[in-house]
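Novice:
There are 2 protein chains.
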Amino acid sequence: MFESAEIGHSIDKKTFREAMPKLREALLDLQYDLKEKADFPVLILIHGFDGAGRGETMNLINEWLDPRLIDTVAFAEANDDARARPWMWRYWMQLPTKGRIGMFFGSYYSDALFDRVFARSDRDALDRQIFDILRFERMLTMDGALVLKFWFHLTREQQHKRLKQMEKDPASSWRVTKTDWEHYERYDKIRKSAEHILRLTNTAAAPWVVVDGEDANYRSLTVGNTLLNAIRNRLAQAQGSQAELIDAPPLLAPIDNKLLLDTLQLDQAMDKASYKAELEKLQGRLHRLTRHPRFAQHSLVLAFEGNDAAGKGGSIRRITQALDARRYRVVPIAAPTQEEKAKPWLWRFWRHVPGKGGITIFDRTWYGRVLVERVEGFAKEADWMRAYYEINDFEHQLSENGAVIVKFWLAISKDEQMARFKGREETGFKRFKITEEDWRNRDKWDAYKLAVSDMVDRTSTSKVPWTLVEANNKYYARIKILKTICDALEARLG
Amino acid sequence: MFESAEIGHSIDKKTFREAMPKLREALLDLQYDLKEKADFPVLILIHGFDGAGRGETMNLINEWLDPRLIDTVAFAEANDDARARPWMWRYWMQLPTKGRIGMFFGSYYSDALFDRVFARSDRDALDRQIFDILRFERMLTMDGALVLKFWFHLTREQQHKRLKQMEKDPASSWRVTKTDWEHYERYDKIRKSAEHILRLTNTAAAPWVVVDGEDANYRSLTVGNTLLNAIRNRLAQAQGSQAELIDAPPLLAPIDNKLLLDTLQLDQAMDKASYKAELEKLQGRLHRLTRHPRFAQHSLVLAFEGNDAAGKGGSIRRITQALDARRYRVVPIAAPTQEEKAKPWLWRFWRHVPGKGGITIFDRTWYGRVLVERVEGFAKEADWMRAYYEINDFEHQLSENGAVIVKFWLAISKDEQMARFKGREETGFKRFKITEEDWRNRDKWDAYKLAVSDMVDRTSTSKVPWTLVEANNKYYARIKILKTICDALEARLG
Chain A
3 MFESAEIGHS
13 IDKKTFREAM
23 PKLREALLDL
33 QYDLKEKADF
43 PVLILIHGFD
53 GAGRGETMNL
63 INEWLDPRLI
73 DTVAFAEAND
83 DARARPWMWR
93 YWMQLPTKGR
103 IGMFFGSYYS
113 DALFDRVFAR
123 SDRDALDRQI
133 FDILRFERML
143 TMDGALVLKF
153 WFHLTREQQH
163 KRLKQMEKDP
173 ASSWRVTKTD
183 WEHYERYDKI
193 RKSAEHILRL
203 TNTAAAPWVV
213 VDGEDANYRS
223 LTVGNTLLNA
233 IRNRLAQAQG
243 SQAELIDAPP
253 LLAPIDNKLL
263 LDTLQLDQAM
273 DKASYKAELE
283 KLQGRLHRLT
293 RHPRFAQHSL
303 VLAFEGNDAA
313 GKGGSIRRIT
323 QALDARRYRV
333 VPIAAPTQEE
343 KAKPWLWRFW
353 RHVPGKGGIT
363 IFDRTWYGRV
373 LVERVEGFAK
383 EADWMRAYYE
393 INDFEHQLSE
403 NGAVIVKFWL
413 AISKDEQMAR
423 FKGREETGFK
433 RFKITEEDWR
443 NRDKWDAYKL
453 AVSDMVDRTS
463 TSKVPWTLVE
473 ANNKYYARIK
483 ILKTICDALE
493 ARLG
Chain B
3 MFESAEIGHS
13 IDKKTFREAM
23 PKLREALLDL
33 QYDLKEKADF
43 PVLILIHGFD
53 GAGRGETMNL
63 INEWLDPRLI
73 DTVAFAEAND
83 DARARPWMWR
93 YWMQLPTKGR
103 IGMFFGSYYS
113 DALFDRVFAR
123 SDRDALDRQI
133 FDILRFERML
143 TMDGALVLKF
153 WFHLTREQQH
163 KRLKQMEKDP
173 ASSWRVTKTD
183 WEHYERYDKI
193 RKSAEHILRL
203 TNTAAAPWVV
213 VDGEDANYRS
223 LTVGNTLLNA
233 IRNRLAQAQG
243 SQAELIDAPP
253 LLAPIDNKLL
263 LDTLQLDQAM
273 DKASYKAELE
283 KLQGRLHRLT
293 RHPRFAQHSL
303 VLAFEGNDAA
313 GKGGSIRRIT
323 QALDARRYRV
333 VPIAAPTQEE
343 KAKPWLWRFW
353 RHVPGKGGIT
363 IFDRTWYGRV
373 LVERVEGFAK
383 EADWMRAYYE
393 INDFEHQLSE
403 NGAVIVKFWL
413 AISKDEQMAR
423 FKGREETGFK
433 RFKITEEDWR
443 NRDKWDAYKL
453 AVSDMVDRTS
463 TSKVPWTLVE
473 ANNKYYARIK
483 ILKTICDALE
493 ARLG
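Heads up: the sequence lines are chains A and B, in that order.
In terms of our numbering, the first sequence opens at residue 3 and continues consecutively.
In terms of our numbering, the second sequence opens at residue 3 and continues consecutively.
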């Protein structure tokens with residue numbers, strides 16, 4: 003969930019000063035439209051790490067918008083009145099009315115998160131709370147509410163730095179409390195539980211927006227833009243049909259145009275001799291792991307995605323060389339057959355799910371739904387937005403059942419791709435590997451880059467993470483892939 | 003869930019023979035429309051008690067429709083292949099393709115139900131299975147599938163009789179297995195777990211249809227009519243917007259026109275002397291119960307609904323006479339205020355939820371959503387259909403929090419109501435109690451009767467049951483109400 007928020011985003015002062023007045027004016031106009039024309043409320047939930055700018059953002063929204071039309075509620079510990087009633091009662095009581103904006107600082111998500119972090123709840127209790135939340139938010143969105151959920155993010159190091167800074171500055175030292183440091187000590191536990199909660203509540207109707215909290219300019223413009231777009235879309239759709247209302251997600255490109263894939267160093271060094279030595283070692287290790295007695299209670303699912311010509315096929319062959327042919331299956335994913343089209347879209351992947359002790363390698367995967375189908379418009383926005391949730395659900399079911407799932411995105415540069423395309427065209431026996439479609443995809447390079455970033459943010463979880471592979475050097479890529487698989491298996495087989 | 007299915011339904015041979023050919027022809031036509039025009043599959047789930055006609059219904063559907071367009075799957079114990087994969091895998095594999103009808107005999111619901119009945123799962127594990135099911139069915143319905151879930155019902159006595167009959171008849175004795183008798187011995191546990199499962203999965207998009215399984219003619223026509231209506235609506239809506247698709251419930255009046263309210267003996271005897279004696283005793287008992295030390299960890303929510311002039315106010319006064327004025331609150335529910343209208347519809351009830359030790363008496367309730375708002379068309383069908391689920395969710399949250407909820411429907415006959423209306427018009431100080439609206443409601447007597455039956459079927463649960471009160475005799479009604487409240491409190495306070 004947090005990948006793109008950890009690559010370091012910022013907006014310089016000048017850009018910020020230019021953008022801000024226009025944004026504020028647009029937001030203010032929109033707010034009056036909301037009051038005059040809208041038959042729905044807006045609910046903004048503010049969550050995230052201490053020091054990530056939650057309070058500042060609340061103040062900012064109140065400053066930029068007309069505060070007379072905003073109801074800001076900060077939830078602390080439940081009082082006697084609230085404790086004497088069902089836990090959702092106090093959130094019910096503070097719901098904004100139609101045409102107004104309600105902003106919750108802390109909410110039912112804080113209860114769920116900190117109950118778990120401080121071991122007041124076990125996993126079952128947490129999942130019951132999540133189910134309560136899902137029903138509550140479903141009720142809200144079916145009733146027409148626009149629900150915007152922000153998670154302000156910091157890495158552990160950033161949080162430490164930020165709290166220290168605030169403590170040093172006399173003007174802000176009062177802001178840093180004992181609780182902040184208590185939470186800091188539990189950073190890893192908070193991050194892990196938050197990821198679990200965000201993943202399970204990241205519905206198409208009420209998705210999370212994760213914001214890098216370090217740079218104030220970036221943070222403020224991101225929140226402002228997200229509000230602007232979400233409310234504007236929602237007002238436009240209020241004239242349209244209910245179907246559109248149900249799935250109106252605020253998925254925007256980051257305002258500094260810095261995407262996850264931009265942070266990769268695609269050229270990585272590895273010479274042939276080291277490659278051969280490493281390859282042999284890793285293939286042996288992989289072979290032994292898949293013959294480990296405990297592997298019979300697990301299975302292995304490998305998912306390969308990447309730029310065209312990034313080397314998926316070659317990598318897969320280096321894996322299968324290490325495997326017993328009776329145990330694995332490589333499933334190349336092309337356009338769905340007629341039968342597959344007549345079933346729910348995930349059916350064609352469910353049918354290849356391996357049993358215990360089995361290995362399935364997918365050459366392209368279910369992620370086509372949020373890559374090619376999104377970029378090419380083959381799936382409606384509501385459908386591919388919904389797919390993130392369905393994919394997480396799918397992988398969660400496999401993982402709960404014992405599957406080790408390893409997902410790779412193989413990334414090459416645009417230049418490297420051109421060189422490989424030309425090479426394929428020139429080598430007779432490789433000519434079949436380059437098609438018109440490859441050239442068309444290349445034209446949509448930037449759209450794919452955004453889709454990949456969103457995909458990783460919304461479907462990389464601690465149990466089923468994405469691995470981004472720098473693949474300009476094939477040797478390096480293959481070794482990284484094999485090593486990642488071996489490590490994942492080893493971790494699971496204990 | 004099972005109230006209307008336990009009042010005894012039947013269709014005589016002549017009516018059946020007349021209705022059947024037309025129904026079959028219509029179904030067959032529809033099936034070809036489905037094949038030719040429809041871009042969605044139909045999934046029929048067959049569940050219920052052994053001996054309630056599940057197998058016969060499957061055969062019937064295959065006989066009435068073109069079996070070449072139906073895929074019938076009977077699920078038994080999971081085999082090795084299935085056990086090696088996530089539990090939903092084998093249901094994924096058997097999903098019908100678009101334009102076809104898939105019929106599951108047993109399904110994921112059987113797993114959830116019998117795991118619980120045979121103590122292979124605890125309550126948490128069951129609720130996790132239910133959550134898996136909800137996500138699966140949400141995926142199906144969002145993908146366009148029409149999902150029809152039938153529960154064939156028998157009372158314990160009917161099941162016993164039926165199994166005995168089948169055993170005696172040499173032609174059907176092979177049908178009765180050891181498993182049937184094992185299930186029969188666990189009738190109460192099955193009924194209780196089934197009710198829990200049905201309530202939590204009775205969504206607007208994929209609702210349950212509970213069918214009285216005793217009379218074959220009634221059962222067959224009910225299933226046939228339900229299929230006909232559901233598929234016909236769904237085909238019509240497929241041309242319309244997605245919003246309608248999502249909420250297309252098959253809520254039909256019973257084909258023999260026999261409604262739950264028809265089974266009440268509205269005239270019940272009670273003379274004034276017995277009434278006074280009983281009243282005093284019960285008021286004392288109620289008073290003591292609400293002062294019981296353990297009541298401080300609970301609360302009491304009384305919900306009063308009923309025909310106009312059925313005596314709600316008088317009954318409520320007999321209750322409050324027994325209560326400490328500082329502990330209770332009577333909330334009369336009229337049309338929502340402007341503020342209330344600007345919140346989600348349940349908000350105005352949530353705000354009156356009592357804390358621990360508190361008592362709230364609602365004179366008319368949240369059930370207005372599925373009564374007056376349904377009958378008068380104030381709420382759209384999709385909205386009031388959704389309300390059953392939201393109401394169950396609401397009451398479940400209160401009950402989990404310790405509330406004892408007692409719900410009354412006060413029923414009087416049409417004649418008795420006329421007499422009371424006239425009486426009110428003639429008695430000066432009671433004239434305010436009779437309005438134009440009361441006369442209008444009276445004109446919709448039958449529509450209300452159907453709405454009440456549906457309401458009870460869909461919202462009466464073992465923890466929060468409805469009590470139907472025969473109220474032509476006010477004395478009898480008041481005593482029954484007081485006694486029901488005392489019994490419910492006593493049961494909960496242990």
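Think of the CB as a built atom: it goes at the ideal place given N, C-alpha and C, for glycine as much as any other residue.
Measure from the C-beta of residue 68 of chain A to each C-beta in chain B and report whether the shortest distance is under 8 Å.
Specialist: It does not; no Cβ of chain B falls within 8 Å.
Novice: Going by other Cβ atoms of all chains shown within 10 Å of its Cβ, with 16 needed for buried, is residue 419 of chain A buried or exposed?
Specialist: buried
Novice: Could you give the first and the last residue of the continuous beta strand (DSSP E) run that contains residue 334 of chain A?
Specialist: 330-334
Novice: Please report how far the alpha carbon of residue 74 of chain B lies from the alpha carbon of residue 101 of chain B, in whole angstroms.
Specialist: 15 Å
Novice: For residue 301 of chain A, which three-state DSSP category applies?
Specialist: In the structure shown, the three-state DSSP call for residue 301 of chain A is strand.
Novice: For the region 39-110 of chain B, which segments carrying the alpha helix (DSSP H) assignment without a break, of at least 4 residues, lie completely within its bounds, in sequence order?
Specialist: Qualifying alpha helix (DSSP H) stretches, in chain order: 56-66, 82-85, 91-95.
Novice: Anyone know if the C-beta pair for residue 288 of chain B and residue 297 of chain B falls short of 8 Å?
Specialist: no
Novice: Within the 8 Å Cβ cut-off, does residue 79 of chain B reach chain A?
Specialist: no
Novice: Along the region 5-28 of chain A, where does the CB come closer than 8 Å to a CB of chain B? Name the residues.
Specialist: Correct list: empty, as no residue qualifies.
Novice: Let me check understanding here. Comparing Cα to Cα, which of B:131, B:256, B:62, B:48 lies closest to residue 449 of chain B?
Specialist: B:256
Novice: Measuring only the C-alpha atoms, how far is residue 78 of chain B from residue 108 of chain B?
Specialist: 8 Å
Novice: Please name the residue, chosen from A:487, A:321, A:458, that lies closest to residue 9 of chain A on a Cα-to-Cα basis.
Specialist: A:458
Novice: Which residues in chain B have a C-beta closer than 7 Å to the C-beta of residue 100 of chain A? List them in chain order.
Specialist: 344
Novice: Along the region 39-56 of chain B, what residues have a CB closer than 7 Å to any CB found in chain E?
Specialist: Chain labels in this structure do not include chain E; the protein chains are A and B.
Novice: Would a check of beta-carbon distances place residue 380 of chain B closer than 8 Å to chain A?
Specialist: Taking Cβ atoms only, chain A never reaches closer than 8 Å to residue 380 of chain B, which makes this a no.
Novice: Quick check: is the beta carbon of residue 370 of chain B nearer than 8 Å to any beta carbon in chain A?
Specialist: no
Novice: Would you kindly check if the distance between the Cβ of residue 487 of chain B and the Cβ of residue 281 of chain B is under 8 Å?
Specialist: no
Novice: Using the beta-carbon of each residue, which ones in chain B are nearer than 7 Å to residue 137 of chain A?
Specialist: 395
Novice: Starting from residue 349 of chain A, find everything on chain B with Cβ-Cβ shorter than 7 Å and list it in chain order.
Specialist: 94, 97
Novice: Do you know whose CA, among B:377, B:392, B:455, lies nearest residue 442 of chain B's CA?
Specialist: B:377
Novice: Taking the alpha carbon of residue 349 of chain B as the point to measure from, which residue in B:371, B:330, B:158 has its own alpha carbon closest?
Specialist: B:371
Novice: Rounding to the nearest angstrom, what Cα-Cα distance links residue 208 of chain A and residue 254 of chain A in this structure?
Specialist: As the crow flies, the alpha-carbon of residue 208 of chain A is around 15 Å from that of residue 254 of chain A.
Novice: DSSP three-state call for residue 224 of chain B: helix, strand or coil?
Specialist: helix
Novice: If you pair each beta-carbon of the region 459-469 of chain A with each one of the region 406-414 of chain A, do three or more pairs fall below 8 Å?
Specialist: Short answer: they touch.
Novice: Which residues share a DSSP beta bridge with residue 408 of chain B?
Specialist: Looking at the DSSP assignment, residue 408 of chain B forms a beta bridge with B:304.
Novice: Are the C-beta atoms of residue 326 of chain B and some chain A residue less than 8 Å apart?
Specialist: no
Novice: Taking all protein chains shown into account, decide if residue 425 of chain A is buried (16 or more other Cβ within 10 angstroms of its Cβ) or exposed.
Specialist: Classification for residue 425 of chain A: exposed.
Novice: Looking at chain B, which residues of the region 393-423 of chain A have a Cβ within less than 8 Å of any of its Cβ atoms?
Specialist: 395, 399, 400, 402, 403
Novice: Any idea if residue 437 of chain A is buried or exposed, counting beta-carbon neighbours within 10 angstroms, 16 or more meaning buried?
Specialist: Exposed.
Novice: In the DSSP assignment, find the beta strand (DSSP E) that holds residue 153 of chain A and state where it starts and stops.
Specialist: 148-155
Novice: Assign residue 364 of chain B to one of three DSSP states: helix, strand, or coil.
Specialist: strand
Novice: I'd like the ranges of any alpha helix (DSSP H) spanning at least 4 consecutive residues and lying wholly in the region 418-475 of chain A.
Specialist: 438-445, 447-461
Novice: With a threshold of 8 Å between beta-carbons, can residue 104 of chain B be considered close to chain A, or not?
Specialist: no
Novice: Could you give the distance in angstroms between the alpha-carbon of residue 24 of chain B and the alpha-carbon of residue 54 of chain B?
Specialist: 25 Å
Novice: Taking the alpha-carbon positions, what's the residue 44 of chain B to residue 82 of chain A distance?
Specialist: Separation of residue 44 of chain B and residue 82 of chain A (C-alpha to C-alpha, rounded to the nearest whole angstrom) is 50 Å.
Novice: Is there a Cβ from chain B that is less than 8 Å from the Cβ of residue 341 of chain A?
Specialist: yes
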